[in-house]
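Novice:
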Amino acid sequence: MNKKIENAFNKQINAELYSSYLYLAMSAWLESKNFKGMAHWMRAQAGEEQNHARKFYDFIHDRGGRVKLAAIDAPPTDWTSPAAAFKEAYKHECKISAMIHGLVDLAVKEKDHPASNFLQWFVSEQVEEEAHASEIAEKLSLIGDSRGPIFMIDAELGKRGG
Ligand code: FEO
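For the sequence shown, this note's numbering assigns the number 1 to the initial residue and increments by one for each residue that follows.
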């Protein structure tokens, strides 16, 4: 396997696992504030991020490369409001999208067609990830401090599958 791609994909495994850790931390904070539906949504998102990490893990092995796991940074533990947490999730997804686009650029530069093809799934996935987090963050910021509508959104997010 191309060593530059292998190193970059190993870094992406770490970024996806950090994403999982970040969303689990948000889930724990939301749970502590009794926003059980939002906590459920974030916990499901944390699970999705683990799947993303596993996709890179499997691809590296399929290409005969070597997976090397590094330490995962500690995420924050507190947020000022559910809106702040979802806004941060949205910003984080934009950062992850930029990383994925950087990987696509690298794969093209290295003429690694299997890697380019593999990454296309992530390019599409990031469009959805950004859209979901942004929609929830915007709804919550429009609502402000009104408890009733916040709990309505909480109930809606609690229905998320996965
Ligand atoms: Fe794996 Fe939410 O990006």
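Every residue, glycine too, gets a C-beta built ideally from N, C-alpha and C.
(1) Thinking C-beta only, is residue 89 closer than 8 Å to residue 23?
(2) Would the beta-carbon of residue 96 fall within 8 Å of that of residue 19?
(3) Return helix, strand or coil for residue 146, following the three-state DSSP convention.
(4) What I want to know is whether the C-beta of residue 5 ends up closer than 7 Å to one or more non-hydrogen atoms of ligand 1.
(5) With residue 37 as the anchor, note down where its alpha helix (DSSP H) starts and where it stops.
(6) Give me, in chain order, the residues of the same chain whose beta-carbon lies closer than 6 Å to that of residue 104; leave out the 5 immediate sequence neighbours on both sides.
(7) Return the chain-ordered list of same chain residues with a C-beta closer than 8 Å to the C-beta of residue 110, the five sequence neighbours on each side being excluded.
(8) Return the chain-ordered list of same chain residues with a C-beta closer than 7 Å to the C-beta of residue 92, the five sequence neighbours on each side being excluded.
(9) Hey, how far is the Cα of residue 11 from the Cα of residue 140?
(10) Is the beta carbon of residue 154 less than 8 Å from the beta carbon of residue 38?
(11) Where residue 122 and residue 102 are concerned, what is the direct C-alpha to C-alpha distance, given to the nearest angstrom?
(12) Return the CA-CA distance between residue 31 and residue 44, expressed in angstroms with no decimal places.
Specialist: Taking the definition as stated:
(1) By one-based count along the sequence shown, residue 23 stands at place 23. By one-based count along the sequence shown, residue 89 stands at place 89. Going by C-beta atoms, residue 23 is nearer than 8 Å to residue 89.
(2) Counted from its first residue, the sequence shown places residue 96 at position 96. Counted from its first residue, the sequence shown places residue 19 at position 19. Against a cut-off of 8 Å, the Cβ pair of residue 19 and residue 96 comes out as a contact.
(3) Residue 146 sits at position 146 when you count from the first residue of the sequence shown. Here residue 146 sits in coil by DSSP.
(4) Here residue 5 refers to the residue found at position 5 of the sequence shown. Outside the cutoff, so no.
(5) Taking the sequence shown and counting its residues from 1, one reaches residue 37 at position 37. Per DSSP, residue 37 belongs to the alpha helix (DSSP H) from 36–62.
(6) Residue numbering aside, residue 104 sits at position 104 when the sequence shown is read from its first letter. 119.
(7) As a position in the sequence shown, residue 110 is number 110, starting the count at 1. Counting only Cβ-Cβ distances below 8 Å, and skipping sequence neighbours, we find 2, 4 and 5.
(8) Stepping through the sequence shown from its first residue, residue 92 is reached at position 92. Closer than 7 Å at Cβ, skipping near neighbours: 19 and 22.
(9) Within the sequence shown, the letter at position 11 stands for residue 11. Within the sequence shown, the letter at position 140 stands for residue 140. Spanning the two alpha carbons is a distance of roughly 32 Å.
(10) Position 154 of the sequence shown holds residue 154. Position 38 of the sequence shown holds residue 38. Yes. Within cutoff.
(11) In the sequence shown, counting from the first residue as 1, residue 122 sits at position 122. In the sequence shown, counting from the first residue as 1, residue 102 sits at position 102. Using only the alpha carbons, I get a separation of about 12 Å.
(12) Position 31 of the sequence shown holds residue 31. Position 44 of the sequence shown holds residue 44. When rounded, the distance between both Cα atoms is 13 Å.
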